[in-house]
Structure formats: structure tokens, C-alpha cells
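Peer 1: The structure is given below, and queries will be raised subsequently.
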Amino acid sequence: MARTILVQARDTGKLCEELESAIYEHRLDDAWNLHEQHMHIEGFPRKSIVNNFLTALTSSLDYQWIEKGYGLVEKAWEEHKQNLFDKETLLYLSLGLAKCGLPIPASTILRKLIEMEQFPPVTAWSAILAYMSQNSSGSYLAAELVLEIGYLFQNGRVDPRKNSNEPLIAMKPNTTACNIALAGCLLFGTTRKAEQVLDMMPRINVKTDATLLIIMAHIYERNGRREELKMLKRHIDEVQNLSDLQFRQFYNCLLSCHLKFRDLDSASHMVLEMLEKAKKAQNALSLANLSFETDKKCSTSPHRHVSGEELNHINFDGSENPSLVQRHFLSYEIFYRDRKFSRLETEATELLDVLIMKLLRQVELITTERGVLQPTESAYVKLIKVYLEAGRNKGFGRISNQGRERKFSDIC
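One point on numbering: in full-length UniProt numbering, the residue at position 248 of the sequence shown is 248, and numbering is uninterrupted.
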């Protein structure tokens with residue numbers, strides 16, 4: 001009997017050596033077989049080996065291996081071995097799962113970390129959130145996650161003055177995380193869930209930025225919140241750093257909402273005001289030329305004008321963009337050394353930009369030329385259709401005349 005135990009001890013020691021070698025050489029098939037043998041004889045190997053094995057499976061970014069890696073974590077949890085995995089290893093796995101389009105296990109890991117009080121900083125989990133938000137089910141889960149984490153900080157539950165609360169405070173949802181969740185909800189039609197996130201944000205003192213204002217406009221338009229949209233206009237008009245694209249999105253939402261409510265007076269006033277400003281800009285040739293020269297010099301600006309025709313040729317599908325969603329996965333060594341998760345923070349911001357640009361495909365009523373808002377053909381068609389449905393044959397003649405006049409001036 002003693003001899004059998006010694007043989008098994010010797011075998012598991014050799015298995016560990018072979019397993020470590022297979023992990024180091026990234027021979028995942030061999031590593032998996034050796035791991036299975038060890039599990040059969042003695043259960044999980046020592047903690048360092050298990051963590052190295054899990055990061056190797058994750059870094060492959062292969063659907064099969066990363067699912068097996070998550071299976072190992074589930075098995076350890078079932079055996080009440082929560083301390084078998086390092087916090088960073090589990091974060092790395094969650095990120096890999098999200099990148100592979102597996103939002104449910106990715107969010108489960110984040111929840112488990114919070115349950116174990118191994119609080120993930122928002123700079124890390126916002127990137128996981130951004131990858132989750134690339135599909136319908138993931139975007140809903142992302143919003144739920146923001147709500148759950150945000151709830152921990154409502155009503156002064158966390159005292160920021162206590163040093164012991166620093167890791168928890170670092171997890172608090174920030175503007176980027178909320179914007180990602182909201183944009184995902186917009187893209188996949190869960191705008192009621194988005195309103196829940198919006199309602200929560202003031203309770204945890206999330207700061208408002210220009211991107212958030214535009215996302216709010218989209219949500220209010222979708223949910224028919226016209227009065228809130230009108231109130232938001234005052235803030236939009238006061239913001240200094242809005243780009244042409246952002247102005248276009250807001251006024252598209254406002255015009256669309258007027259048309260939904262069959263408010264022909266407000267819609268007509270908007271269109272006529274845009275046409276009048278466009279006409280003045282066209283007549284001011286010297287200012288137009290100056291603006292053109294300025295645009296040429298500033299063509300590298302991130303807020304340069306993008307025409308509607310250009311938008312149709314830009315690939316906003318993050319799942320097909322190799323520089324973003326399918327970028328080379330960070331090695332665990334680089335991931336681990338970046339203690340502040342600054343790379344993931346940058347990645348989250350870039351993925352938010354992808355989500356926002358996808359929303360531009362839904363902007364069909366307003367375009368811009370040299371910073372001047374103008375109605376599109378779709379706007380004319382929808383406005384006249386509403387006029388006819390309302391039985392008001394008067395009123396759109398002026399709009400039609402100014403529209404034709406504008407087109408003629410464009411040709412000239």
C-alpha cells in the first residue's frame with residue numbers, strides 16, 4: 001500500500017513537470033491531457049500551475065480552449081476552491097470570453113470577483129463591457145452589470161474617505177462604462193433598460209460628457225421623451241466641443257421626434273431654419289472659402305466633417321475591424337504588468353467610438369456641409385408624408401420651394 005502511494009506521488013510530480021513544460025511550449029492538447037490525468041489522480045495541480053494553464057488557454061483566444069478554461073473555473077468553484085485563481089487571471093479570462101462573444105460567462109466571472117471582494121477596477125471591466133456590448137444578449141447583460149455595480153454606490157453606501165474602500169471605489173462605474181452600456185442598448189433596441197441606467201447615473205455622481213448627451217438624445221427619441229429632448233437642447237447649445245457629427249445626431253433625433261408626434265409646426269420650423277442658414281452660408285462665399293481652407297489644414301482633426309456619402313463607405317462593424325474587436329490579444333505578461341489597466345482603458349474608449357459610429361448609420365434626416373445643418377431627401381419625404389396624412393396641403397409648399405432652390409444653388 002505504501003509503495004502504491006509513493007508511485008502515485010512520484011507520478012503526479014512527473015505529471016506536473018510535463019504539464020508545466022507543455023504550458024510553456026503552448027502545446028495545449030498535451031497540456032489538457034496531462035491536466036486531466038492529474039485531476040483523475042489527485043485533483044487540481046498547485047495554484048501556480050493552474051493559473052499558468054488558464055492564462056495559456058485564454059491567450060489562445062480559441063473558442064474551444066477558452067470554454068474549457070471557464071469549465072475549470074466552474075469546477076473549482078463547485079469544489080469551493082475560490083482561492084485557486086488569482087484575481088488578474090480571472091479578469092484575463094473574462095476579457096477573453098467577452099472577446100470570443102461569450103458574454104454570459106464573462107459577466108459571471110466579474111460578478112464572482114465582486115462576491116469574493118476581489119473588486120475589478122472600472123478601467124478593466126469597462127473593456128470587458130465594451131466587448132460584451134457588440135451583440136444583443138451581451139449588451140443587455142452589460143447594462144445589467146452597470147446597474148448592479150452602480151447599486152453598490154447609491155445612497156452613500158460607500159464612504160470614499162476610508163482607505164479600506166479604495167479598491168471598491170476604483171470599481172465604481174465611470175462615464176465611459178455607462179456610455180458603453182447605453183450605446184449597446186441603443187444599437188440592439190433595449191432602450192427601456194438604457195433609461196434605467198440613465199436614472200441611476202445621477203445617484204452615483206457620474207459625470208456628463210458630450211458623448212453622453214448625444215446618447216441621451218437617441219434614447220429620448222426612441223422612447224418618445226420629447227419634453228426631455230427639448231430640455232436637452234439647451235445643454236447641447238451650450239456645449240463648446242461638439243463635433244459636426246454630434247450636432248447632426250442630436251438634431252436628427254429632435255426632428256425625428258417632432259415627426260413622430262406629428263408636430264408639423266415644430267418640424268417645419270426646424271427644416272426652414274436649416275435651409276435659411278444654409279442659404280446664408282452659400283451666399284457668404286468669402287466665409288465659405290475661408291472655412292474650406294481651414295478644413296483642409298485641420299483634416300487630421302478627430303472631429304472633421306464627414307459627409308453622408310462618406311458614412312456609407314465607412315466600416316463601422318466592430319466585429320470586422322481588425323484593429324479593434326479582433327486585434328491581437330494582449331499576452332498575460334503585458335496584461336499583468338499594466339497594473340492600472342491603461343491599455344484596457346484605451347481599448348474601451350476605442351470600442352465606445354465604434355459603437356457610437358454605428359449609431360450614425362441611423363442618422364438619415366440631417367446632414368452637414370461645412371458645419372451647417374441641412375435636411376436630407378429622407379427628411380423632405382417624411383415631412384411631406386406627415387403633411388399629407390394630416391390633410392394639410394398648405395404649409396409644405398414653402399419647404400418644397402426652398403428645398404428646390406437649395407438644390408439649384410448646389411448645382412450652380
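C-beta atoms are modelled at their ideal positions from N, C-alpha and C, and glycine is treated no differently.
What does ILE366 pair with, by DSSP beta-bridge criteria?
Peer 2: PRO375.
Peer 1: Indicate the three-state DSSP secondary structure (helix, strand or coil) for VAL122 in the structure shown.
Peer 2: Helix, per DSSP.
Peer 1: Could you say which of MET270, ALA127, TYR336 and ASN83 lies nearest to GLU345 if we only look at CA atoms?
Peer 2: The residue with the shortest Cα to Cα distance from GLU345 is ALA127.
Peer 1: According to DSSP, is ARG111 helix, strand or coil?
Peer 2: DSSP places ARG111 in helix when its eight states are reduced to three.
Peer 1: Can you give me the C-alpha to C-alpha distance between MET201 and LYS358, rounded to a whole angstrom?
Peer 2: About 23 Å.
Peer 1: Does the count of Cβ pairs from the segment 91-101 and the segment 128-145 closer than 8 Å reach three?
Peer 2: As far as the Cβ criterion goes, the segment 91-101 touches the segment 128-145, which means the pair count is three or higher.
Peer 1: Starting from SER342, trace the alpha helix (DSSP H) in both directions and tell me its first and last residue.
Peer 2: From DSSP, the alpha helix (DSSP H) with SER342 extends over 342-360.
Peer 1: Which one of ALA348, LEU275 and LYS280 has the shortest CA to CA distance from GLN374?
Peer 2: With distances taken between Cα atoms, GLN374 lies closest to LEU275.
Peer 1: CA-CA distance, LYS382 and LEU212?
Peer 2: If you take the alpha carbons of LYS382 and LEU212, they lie about 28 Å apart.
Peer 1: For the segment 111-120 and the segment 134-142, state whether three or more C-beta atom pairs, one from each stretch, are separated by less than 8 Å.
Peer 2: No, because fewer than three Cβ pairs between the segment 111-120 and the segment 134-142 fall closer than 8 Å, the two stretches do not touch.
Peer 1: Around the Cβ of SER164, are there at least 16 other Cβ atoms within 10 angstroms (buried) or fewer (exposed)?
Peer 2: Counting Cβ neighbours within 10 Å, SER164 comes out exposed, since fewer than 16 surround it.
Peer 1: Sorted by chain position, which residues of the same chain lie with C-beta nearer than 7 Å to MET171's C-beta, five sequence neighbours on each side aside?
Peer 2: Cβ within range, chain order: PHE119, PRO120, PRO121, VAL122 and ILE149.
Peer 1: Roughly how many angstroms lie between the CA atoms of GLU17 and TYR24, to the nearest whole one?
Peer 2: Each residue's Cα considered, the two are about 11 Å apart.
Peer 1: Name the residue from ALA31, ILE236 and HIS80 whose alpha carbon lies nearest to the alpha carbon of residue 420.
Peer 2: Residue 420 lies beyond the residue range present for the chain, which begins at 1 and ends at 412; the question has no answer from this structure.
Peer 1: Between the Cα of PHE335 and those of LEU91, ASP265 and VAL50, spot the shortest distance and give me the residue it belongs to.
Peer 2: The shortest Cα separation from PHE335 among LEU91, ASP265 and VAL50 belongs to LEU91.
Peer 1: Tell whether a beta-carbon distance below 9 Å holds between MET270 and LEU255.
Peer 2: Taking 9 Å as the Cβ cut-off, MET270 and LEU255 qualify as a contacting pair.
Peer 1: What number of angstroms, rounded off, separates the C-alpha of ALA348 from the C-alpha of TYR387?
Peer 2: Spanning the two alpha carbons is a distance of roughly 44 Å.
Peer 1: ASN205 to ASP199, Cα distance in whole Å?
Peer 2: Roughly 11 Å separates the two Cα atoms.
Peer 1: Taking buried to mean at least 16 other C-beta atoms within 10 Å of its own C-beta, is GLU78 buried or exposed?
Peer 2: Classification of GLU78: exposed, given that the 10 Å Cβ count is below 16.
Peer 1: ARG226 and CYS257 - do their beta-carbons sit closer together than 9 Å?
Peer 2: Yes, these two residues count as a Cβ contact at 9 Å.
Peer 1: Starting from HIS269 and walking both ways along the alpha helix (DSSP H), at which residues does that stretch end?
Peer 2: Per DSSP, HIS269 belongs to the alpha helix (DSSP H) from 264-283.
Peer 1: Label ASN155 either buried or exposed according to how many other C-beta atoms from any shown protein chain fall within 10 Å of its C-beta, with 16 as the threshold for buried.
Peer 2: Label assigned to ASN155: exposed.
Peer 1: Looking at LEU72: is its Cβ nearer than 9 Å to the Cβ of LEU57?
Peer 2: Yes, these two residues count as a Cβ contact at 9 Å.
Peer 1: Could you give the distance in angstroms between the alpha-carbon of LEU147 and the alpha-carbon of VAL197?
Peer 2: Between LEU147 and VAL197, the C-alpha separation is close to 6 Å.
Peer 1: Please go through the same chain and pick out, in chain order, the residues whose beta-carbon is closer than 8 Å to the beta-carbon of ILE66, but skip the five residues on each side of it.
Peer 2: Excluding residues within five positions, the ones whose Cβ falls inside 8 Å are LEU57, THR58, SER60, LEU93, GLY96, LEU97, CYS100 and LEU102.
Peer 1: Going by CA-CA distance only, name the one from SER378, LEU186 and ALA278 that's closest to ILE356.
Peer 2: Out of SER378, LEU186 and ALA278, LEU186 has the C-alpha closest to the C-alpha of ILE356.
Peer 1: Look up ASP11 in the DSSP assignment and say whether it is helix, strand or coil.
Peer 2: Reduced to three states, the DSSP call for ASP11 is helix.
Peer 1: Just checking my contact of ALA181 with ALA210 at CB under 8 Å: how many whole Å lie between their CB atoms?
Peer 2: Actually they are not in contact, since the Cβ atoms of ALA181 and ALA210 sit about 17 Å apart, beyond 8 Å.
Peer 1: MET231 lies in the alpha helix (DSSP H); which residues open and close that run?
Peer 2: 226-238 is the extent of the alpha helix (DSSP H) around MET231.
Peer 1: Quick check: the Cα distance between PHE188 and GLU166, rounded to an integer number of angstroms?
Peer 2: Going by the C-alpha atoms only, they are around 35 Å apart.
Peer 1: Our contact map puts LYS81 next to PHE44 with C-beta atoms below 8 Å; I'd like the distance itself, whole angstroms only.
Peer 2: With a Cβ gap of about 7 Å, LYS81 and PHE44 count as contacting.
Peer 1: For PRO160, count the other beta carbons within 10 Å of its own beta carbon; 16 or more makes it buried, fewer makes it exposed. Which is it?
Peer 2: With fewer than 16 Cβ atoms within 10 Å of its Cβ, PRO160 is classed as exposed.
Peer 1: Would you identify the three-state DSSP class for PRO202, choosing helix, strand or coil?
Peer 2: Residue state, collapsed to three classes: helix.
Peer 1: Using only the alpha-carbon positions, how far apart do GLU88 and SER48 sit?
Peer 2: Taking the straight line joining both Cα atoms gives about 13 Å.
Peer 1: Quick one: using the 10 Å Cβ neighbour count with 16 as the cut-off for buried, is SER268 buried or exposed?
Peer 2: Buried, since its Cβ has 16 or more Cβ neighbours within 10 Å.
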